[in-house]
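Here the structure comes first, spelled out in structure tokens, and everything after it is commentary.
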Amino acid sequence: MSTLELRDVAVSYGRREALVPFSETVRSGEWLGLIGPNGAGKSSLLRAIVGVVEARGDVLVDGVSLASCSRRRRAALVAYVPQSPTIPDDMTGFEYVLLGRSPYIGYFGTERREDKEKAAAVLERLELQDFAQRRLGALSGGERQRLVIARALAQEAPILLLDEPTSALDIGHQQQALELVARLREEQGLTVISAMHDLTLAGLYSDRLALLHEGQCVARGAAVDVLQAETLAEFYGVRVTVHHDPDGTVVVIPRRDTL
Amino acid sequence: MPSSRSSSPPAEPRPAGAAPDDVAVTPAAGPAGAGATPGTVTPELARNGRWYAAGIASVVLAVLAGVMIGPAGPAWWRVPLELLDRLPLVSVDSGVSDIEWNILWSVRMPRVLLGGLVGAMLALAGASYQGVFRNPLVEPYLLGAAAGAGLGATLVFTVMRSATQDWPVDPAPAAAFAVAIITVTVTYLVGGTFGSGRSSVTLVLAGVAVSALASAIQTFILQRNVDVVREVFTWILGRLSTARWADVRLVVPYVAVSSLVLLAHRRHLDVFRVGEDEATTLGAPVARVRLVVVVAATLGTAAVVSVSGLIGFVGIAVPHLVRLVAGASYRRVLPLSFLFGATFLIVADIPGRVLTKPAETPIGVVTAFLGAPFLILVLRTSARRPS
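Listed in order, the protein sequences are those of chains A and B.
Position 258 (the first sequence) corresponds to 258 in our numbering; numbering is contiguous.
Position 298 (the second sequence) corresponds to 298 in our numbering; numbering is contiguous.
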């Protein structure tokens with residue numbers, strides 16, 4: 001249960017500004033979806049929050065600046081699922097998920113029984129027990145992706161950042177993974193920020209969307225406001241039909257103009 | 001999956017003497033080749049215990065073989081008897097003369113122990129470097145320790161010969177150690193200054209550059225002092241043969257401190273396996289771990305290189321062998337590399353003293369002969385795996 005506040009967070013690589021100052025408050029239990037074309041700054045924003053890229057501005061969790069927290073404390077507050085995680089082939093699924101307990105282990109310490117139990121519990125909750133003793137190198141992309149999410153959940157951080165969490169998954173596993181995050185959000189009040197390419201899914205699961213373009217936030221608000229054909233045409237350069245389901249779902253359908 | 005896995009719930013409190021459980025769980029995990037059940041600590045410990053026992057046994061056997069075999073001295077079967085006889089409260093007539101005992105105790109024993117220390121240190125340093133740089137082909141000499149040591153020794157044999165002649169200690173190891181530390185420091189400063197601090201690629205490249213520079217200076221000096229080339233190369237190619245107790249005493253503190261520091265970081269090296277960025281997001285103090293591990297591994301490497309010369313391939317071959325048979329977790333790889341590194345070098349030192357007797361084959365040549373084909377095997381194995 002934590003509120004994440006971003007104050008003028010900005011990222012530049014050399015001279016190139018990847019993200020101009022961005023401010024936003026994501027309330028406890030809220031899901032913010034980041035959308036935008038490739039290179040829009042979605043990943044940079046997530047990487048800035050988690051502290052693996054140098055950034056200006058300030059990130060606060062419940063009013064406390066992350067910059068003033070120790071590495072371990074930060075990791076206990078914010079968990080991160082990278083876009084293309086490094087998968088050590090010869091690590092087992094259990095060992096991998098256990099890494100998520102690192103923030104709770106002292107410098108010279110080692111995992112306690114409690115940590116192993118928590119890792120095992122996460123595997124069970126995600127129905128990944130079968131992969132506990134399998135080598136990661138022997139698993140499919142989708143199975144690995146679910147283990148990466150499991151590792152982030154084992155971190156037990158109140159804030160979860162997901163960078164394209166479903167890009168490697170088929171439609172069934174996409175839904176499964178997102179439903180899982182949605183359920184955990186409800187059960188534990190997780191605050192979620194996710195960068196997503198699939199606009200329909202982004203609108204479906206997020207409370208609010210922020211559309212980034214060339215490092216700037218060009219639109220934000222509810223899916224119904226952000227996902228408009230003209231807006232998407234302008235920033236993605238895409239022709240789409242936006243369909244509104246009776247239940248409020250916004251469906252973005254690519255269109256092919258035939259002569 | 002069989003229900004047997006879920007039937008051992010992790011939350012179950014375990015009594016102190018949980019031996020029956022061990023017996024029940026271990027065989028189930030064994031055939032699958034899968035290892036420990038999550039949440040249950042004991043089978044994992046038992047598995048580790050077996051590996052450590054095997055490692056220690058191999059060291060003991062290697063030491064025995066090392067003191068039993070040699071070109072001169074007592075018949076091999078008399079040696080264990082003699083060692084038994086030396087134990088308190090044990091009296092066995094081994095028929096070993098005093099001179100033979102001297103060969104055993106003053107020549108073979110320090111040589112074997114030094115070989116063990118050097119092998120253990122090089123293998124452990126190699127495994128640690130491989131963990132911290134996440135590169136399986138990295139060796140303990142990566143950041144310039146070898147080139148520096150070679151240059152230091154060359155300096156002593158050539159331009160500093162007259163200046164160091166009256167030194168009470170052997171100047172070559174001291175100079176090798178000093179210059180090795182200097183080259184690695186330069187590497188670290190250069191790599192750290194120009195790198196992003198988060199990537200170790202610059203550090204590795206800086207190591208290559210500094211090594212090349214040190215080797216170039218060494219070649220230049222040698223070319224102007226052709227008369228000592230043989231002397232220098234004998235030194236560089238490894239020389240456990242001249243080991244004395246003084247050498248053993250010299251490296252023990254370095255090996256002890258450096259090994260303890262490295263072994264204390266074995267969990268961190270497992271976190272490093274997901275890359276430095278992700279390790280950061282998991283709360284790992286990446287920069288500090290890298291610095292501490294590199295300093296400890298370098299210090300230990302420089303110390304053993306200064307007394308033994310450059311012994312190649314131990315730092316690559318042993319950790320890989322350990323990974324292949326015992327799994328890739330650094331919690332096992334580091335301690336087992338230490339143990340099997342000692343075994344490997346003690347054993348590798350044996351053919352060198354008997355095959356070409358009375359001449360010696362340099363230990364560096366033997367390890368390269370054994371190590372080079374092994375490296376090719378490793379490449380073949382890792383090429384077949386999906387990356």
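The beta-carbon is built from N, C-alpha and C at its ideal position, and this holds for glycine as well.
task = Could you work out which residue in GLY192(B), ALA53(B), GLY70(B) and VAL63(B) is closest to GLU360(B) when comparing CA atoms only?
result = GLY70(B)
ask   = What in chain A is Cβ-close to SER329(B), meaning under 8 Å?
value = MET91 and GLU95
request  = In the DSSP assignment, find the unbroken alpha helix (DSSP H) run with THR200(A) in it and report its ends.
outcome  = 199-205
request  = Out of ARG50(B), VAL79(B) and ASN48(B), state which residue places its alpha-carbon closest to the alpha-carbon of VAL63(B).
outcome  = VAL79(B)
message = If contact is defined by three or more beta carbon pairs under 8 Å, each pair taking one atom from either stretch, is the region 308-318 of chain B in contact with the region 361-377 of chain B?
response = yes
inquiry  = Once DSSP output is grouped into helix, strand and coil, what is the label at SER68(A)?
reply    = helix
query = According to a CB-to-CB cut-off of less than 7 Å, which residues of the region 272-291 of chain B neighbour chain A?
reply = ARG273, VAL274, GLY275, ASP277, GLU278, THR280, THR281, LEU282, GLY283, ALA284 and PRO285
key: DSSP three-state assignment for TYR141(B), whether helix, strand or coil   = coil
Simplified DSSP assignment, three categories, for ALA328(B) = coil
For GLY142(A), the first and last residue of its enclosing alpha helix (DSSP H) = 141-154
ask   = THR25(A) to ARG16(A), Cα distance in whole Å?
value = 26 Å
ask   = If the cut is a Cβ gap below 9 Å, which residues of chain A does ARG267(B) touch?
value = SER102, ILE105, PHE108, GLY109, THR110 and GLU111
request  = Answer yes or no: the CB of LEU77(A) versus the heavy atoms of the ligand COA, is any distance below 7 Å?
outcome  = What this structure holds is no ligand at all, so the ligand COA is not there to describe.
request  = Starting from ALA264(B), find everything on chain A with Cβ-Cβ shorter than 7 Å and list it in chain order.
outcome  = PHE108
CA nearest to the CA of VAL64(A), picked from GLY93(A), GLY14(A), TYR13(A) and LEU6(A) = LEU6(A)
message = Which residue marks the beginning of the alpha helix (DSSP H) containing PRO110(B), and which one marks its end?
response = 109-133
Beta-carbon contacts of THR301(B) that lie in its chain and below 6 Å, excluding the five residues immediately before and after = ALA125, PRO140 and ALA145
message = I'd like the list of long-range same chain contacts for ALA122(A), defined as Cβ closer than 7 Å, with 5 residues on each side in sequence excluded.
response = Per the sequence presented here, residue 122(A) reads as Val, with Ala not at that position. Result list for VAL122(A): VAL97, ALA150, LEU153 and ALA154, in chain order.
message = Against PRO88(A), what residues of chain B qualify as contacts under a CB-to-CB distance less than 7 Å, listed in chain order?
response = ARG273 and VAL274
message = Contact defined as beta carbons within less than 8 Å: I believe SER68(A) pairs with GLY283(B). What is the distance between those atoms, to the nearest angstrom?
response = The Cβ separation is near 15 Å, so there is no contact.
ask   = For ASP62(A), which residues from the same chain have a beta carbon less than 8 Å from its beta carbon, with the 5 sequence-adjacent residues on both sides left out?
value = SER2 and THR3
query = Closest to ARG134(A) by CA distance: which of ARG125(A), LEU126(A) and ARG144(A) is it?
reply = ARG144(A)
task = Report the rounded CA-to-CA distance for LEU180(A) versus GLU186(A), giving the unit in angstroms.
result = 10 Å
inquiry  = Quick check on the DSSP output: the beta strand (DSSP E) that includes THR191(A) runs from which residue to which?
reply    = 191-195
query = With which residues is PHE22(A) paired in a DSSP beta bridge?
reply = VAL9(A)
query = If we call anything under 8 Å between Cβ atoms a contact, is LEU66(A) one with ALA210(A)?
reply = no
ask   = Of all the CB atoms in chain B, is at least one closer than 8 Å to the CB of VAL52(A)?
value = yes
request  = Within its chain, find whatever has a CB closer than 8 Å to the CB of LEU77(A); leave out the 5 residues flanking it on each side and keep chain order.
outcome  = SER2, VAL61, LEU66, CYS69, ALA157, PRO158 and ILE159
request  = Whole angstroms is fine: what's the gap from GLY14(A)'s alpha carbon to ALA55(A)'s?
outcome  = 12 Å
ask   = Hey, is LEU99(A)'s beta-carbon within less than 8 Å of any beta-carbon in chain B?
value = yes
message = Which residue marks the beginning of the beta strand (DSSP E) containing ASP172(A), and which one marks its end?
response = Sequence inspection shows Gly at residue 172(A); the Asp mentioned does not correspond to that position. Counting along the chain, GLY172(A) falls outside any beta strand (DSSP E), though it belongs to the alpha helix (DSSP H) covering 171-188.
inquiry  = Give me the DSSP bridge partner(s) of GLY221(A).
reply    = LEU209(A)
task = Run the CB neighbour count on ALA195(A), radius 10 Å, all protein chains shown included, and call it buried at 16 or more, exposed below.
result = buried
request  = Pull up the CB-CB distance for SER94(B) and LEU269(B), whole angstroms please, since I reckon it's below 8 Å.
outcome  = Contact flag wrong, Cβ pair sits at about 45 Å.
task = Tell me whether ILE311(B) sits in a helix, a strand or coil according to DSSP, three-state version.
result = coil
query = What is the rounded straight-line gap between the Cα of VAL252(A) and the Cα of VAL240(A)?
reply = 6 Å
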